[in-house]
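Working notes for the structure below.
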Amino acid sequence: MNRIQNSLSLCTENDQRTWLAAACRAALTAGSLIRERYEQPHTIAMKGAIDLVTETDVASEAAIIASLAADTPGMPVMAEETVASHATVAERLWVVDPLDGTTNFAHGFPFFAVSIALLDCGKPVVGVVYAPLLDELFLAVSGCGARLNDRTISVTTTSRLIEALVGTGFPYQVEATLPMVIRQMQTVLPRVRDLRRAGAAALDLAYVACGRLDAFYEMNLQPWDTAAGILLVQEAGGMASTFAGAPFYPSSPDILASNGILHPQLLPLIR
Ligand code: IPD
Ligand code: CA
Ligand code: CA
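Following the working numbering, the residues of the sequence shown are numbered contiguously, the last one being 876.
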């Protein structure tokens, strides 16, 4: 519990402390459930041709919703597996991805996370991304900075594209998006140090925030993939935009997140 207590000192307002503590508690609870189930056999259902959901996604979501309901009674929740409606309109709203990187989880590829954000009028004010296998808790509070466990994090200062490690992702709608995915790769890959497709967008964004990646881009994402991660990036000194360069909101499907310095160089390549 220590790292949560320490991080609460980031907050300048009581509400922020309540929300951050609630998001962290829910993420750690779900994370330990995911860790326990990681090496067990999984029950897999298909949401689309290659879009999986496991019993652990569902169990994690139930645990998060129960935890958030106990700590912030009455606060509405948008969550990927049960209450994913984009129509959920509320001034304040939890946005939950109970297991980001389900394909990785199902294949025993150890890169996945829980993502929880609180939106206030569409903008994230608290964001938590928890990677259970490495026990890495990334958190950010609007205007108050970002942390990984007990330390403050910041984006890289990389200014030359050829020195940049860039993350990306491939949408589940492969056929519809393939031409764009390939075109972007054709323009980006020869100009950067390397490209990674690690398979969990929320964690990719957390990696931009802590400097393990210099930038990340992907199209067709959902609010639960990006809501916590963009706050991490912004509070760590980076920036997030749409492919057109407009300010990014969790309702936007296409994202470029970077250390800020590389943004003007990357935008024309992925547009
Ligand atoms: C997916 C992952 C993946 C990204 C997909 C997402 P899920 O989330 O973040 O990296 O490429 O677009 O939908 O389904 O594992 O929660
Ligand atoms: Ca996701
Ligand atoms: Ca998910």
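Ideal placement from N, C-alpha and C gives every residue a C-beta, glycine not left out.
Cβ-Cβ separation between residue 635 and residue 734: approximately 12 angstroms, too far for a contact (criterion under 8 angstroms).
The Cβ-Cβ distance between residue 724 and residue 855 falls below 8 angstroms.
Only exposed fits residue 611, as fewer than 16 other CB atoms lie within 10 angstroms of its CB.
Here the alpha carbons of residue 627 and residue 680 stand approximately 11 angstroms from one another. In the DSSP assignment, residue 857 is bridged to no other residue.
Proximity of the beta carbon of residue 704 to ligand 3 is indicated: a heavy atom of the ligand is located closer than 7 angstroms.
One alpha carbon belongs to residue 647, the other to residue 866, and they sit about 42 angstroms apart. Scanning its chain for C-beta atoms nearer than 7 angstroms, with the 5 sequence neighbours on each side dropped, one finds around residue 687 the residues 666, in chain order. Here the stretch 793 to 800 lies against the stretch 868 to 876, with 3 or more beta-carbon pairs under 8 angstroms apart. As computed with DSSP, residue 699 is found in a beta bridge with 682 and 723. In the DSSP assignment, residue 743 falls outside any alpha helix (DSSP H) and lies within the beta strand (DSSP E) extending over 741 to 746. Under DSSP, residue 651 shares a beta bridge with 657.
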